[in-house]
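Number of protein chains: 2
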Amino acid sequence: MLNFEKGFTLDLDLKTGLSKKVDTKKRYLSDLRGMFADDAALEAMIKENDDVIYEYHTLPVPEHEGDLAFGSSIVYPGNVAGEYFMTKGHFHTILGTAEVYYCMNGQGVMLCESPEGDVKAFELSPGTVVYVPKRYAHRSINTGNTPLHTFYVYRADAGHDYGTIEEKGFRKLYVEKDGTPTLVENPKWAE
Amino acid sequence: MLNFEKGFTLDLDLKTGLSKKVDTKKRYLSDLRGMFADDAALEAMIKENDDVIYEYHTLPVPEHEGDLAFGSSIVYPGNVAGEYFMTKGHFHTILGTAEVYYCMNGQGVMLCESPEGDVKAFELSPGTVVYVPKRYAHRSINTGNTPLHTFYVYRADAGHDYGTIEEKGFRKLYVEKDGTPTLVENPKWAE
């Protein structure tokens, strides 16, 4: 059905991001253990109900430099002790490859960080395209009250390096302070 | 403003495809001389009013294999002696590079054709993604009554080869027959 050599169409609902033909990969609160500042708060939430925190498409695109991977990313609203729900975030394995995100619904931030520590926080709202530059780790953060839904495209062979972020984290976090999304230092970040 | 090395955001209106920050490149009826089957009918239309037939963004992205070009494409409704308004269409100069189109508004067809003559016609409606495979020329055709608006992404160094299509055309055309979009042979097509 998804014939990357001959072309195809795929339904991605403009409102929900979901497809009737292909399912999403779901990430649960428990998949993000260690990634929020307050481990105890996250653990308590998992015990209560291990909710889906975000979901996205992983289509079987060949890892060829001429192909493109694409899909929807949907981050649900919520927070862990004031730290907004977010994706794990990743570098590309081929570090020098960019990614385009087009925000369809919701409110949030694309947090970007280079290995050298340059941090950029790009605000997302419907109709905003974010260009994630080559060499920057990136993470979607939902700072609103509805699902944050983006459409993404990247080079199919770019690859995902989650390990670096899992080990070291991002240098900065997004937390709610007096009702306002605020960028603060990550107390756990390790050089 | 559009800093491809450090990242940026760009507004692309989800309804119109247009941005308040960057303008589009406009193609007029006269730019498509020779590309419709009925040259006389096109000439008469140009004489009446040389309308914009389609427009799209051409952002100053570096032609680097790690970067991505993106933007909106808007094809207006209409026809030339029954042949629907369409883009010129092109191969990529680096033939082995794909392109993703996400239909936001309107009704149409993405006509794809390989150098060997494999023809694929993918129907477009809001919420449909078309995967244009490596090696296929492609052209957007508006078969509806409202603007056909897609969001596209391709590798920034892919390049555009318009010459092959300008010289030879596509093997097939989309024309209105008894009110229905119909794929027919292109009488002008030359091997």
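Protein chains in written order, with my numbering: chain Z, 1 to 191; chain L, 1001 to 1191. Using N, Cα and C, we set each Cβ at its ideal position, and we do this for glycine too.
DSSP, read as helix, strand or coil, puts Z:Leu173 in strand. Between the region 103-111 of chain Z and the region 140-154 of chain Z, the count of Cβ pairs shorter than 8 Å is three or higher; the stretches touch.
Under the criterion of beta carbons closer than 8 Å, Z:Tyr131 and Z:Ala98 qualify as touching, at roughly 7 Å.
The Cβ atoms of Z:Glu83 and Z:Ala37 lie closer than 8 Å to each other. If you draw a straight line from the Cα of Z:Ile46 to the Cα of Z:Asp31, it comes to about 10 Å.
Excluding residues up to 5 positions away in sequence, Arg135, Tyr136 lie with their Cβ nearer than 6 Å to the Cβ of Z:Ser114 in the same chain. For L:Ala1121, DSSP records a beta bridge to L:Leu1111.
When beta bridges are read from the DSSP output, Z:Asn79 appears opposite Z:Tyr84. Z:Asn105 has Z:His149 as its beta-bridge partners, per DSSP. Scanning Z:Met86, Z:Gly96, Z:Asn186, Z:Glu176 for the CA closest to the CA of Z:Tyr28 turns up Z:Met86. Using a Cβ-Cβ cut-off of 9 Å, Z:Thr128 is close to Thr1009, Leu1010, Asp1011, Leu1012 of chain L, given in chain order.
Look at L:Gly1034 here: in three-state DSSP terms it is coil, with no helix or strand label. Bounds of the alpha helix (DSSP H) holding Z:Glu43 are 39-48. With fewer than 16 other beta carbons inside 10 angstroms of its own, L:Thr1093 counts as exposed. Z:Pro187 is positioned such that its CB atom lies no closer than 8 Å to that of Z:Thr143. Identification of chain L residues near Z:Thr97 by a Cβ-Cβ cut-off of 8 Å yields Gly1066, ordered along the chain. Here the alpha carbons of L:Pro1062 and Z:Val175 stand approximately 35 Å from one another.
A direct Cα-to-Cα measurement between Z:His160 and Z:His138 gives close to 11 Å. Using a CB distance cut-off of 8 Å, Z:Arg33 does not count as an interface residue toward chain L.
C-alpha of L:Gly1078 to C-alpha of L:Ile1165: approximately 21 Å in a straight line. Considering only beta carbons, the part of the region 154-181 of chain Z lying closer than 9 Å to chain L consists of Tyr154, Arg155, Ala156, Ala158, in chain order. Any Cβ of chain L closer than 8 Å to the Cβ of Z:Glu5 would place that residue at the interface, and such an atom is present. The closest CA to that of Z:Val75, considering only Z:Gly179, Z:Asp178, Z:Ser140, is found on Z:Ser140. About 31 Å separates the Cβ atoms of Z:Val100 and Z:Leu42, ruling out a contact at the 8 Å cut-off. Against chain Z, the CB of L:Val1075 has no partner CB under 8 Å away; the residue lies outside that interface. In the structure shown, the three-state DSSP call for Z:Thr164 is helix. In chain order, Phe4, Glu5, Lys6, Gly7 make up the part of chain Z whose C-beta sits under 7 Å from the C-beta of L:Pro1133.
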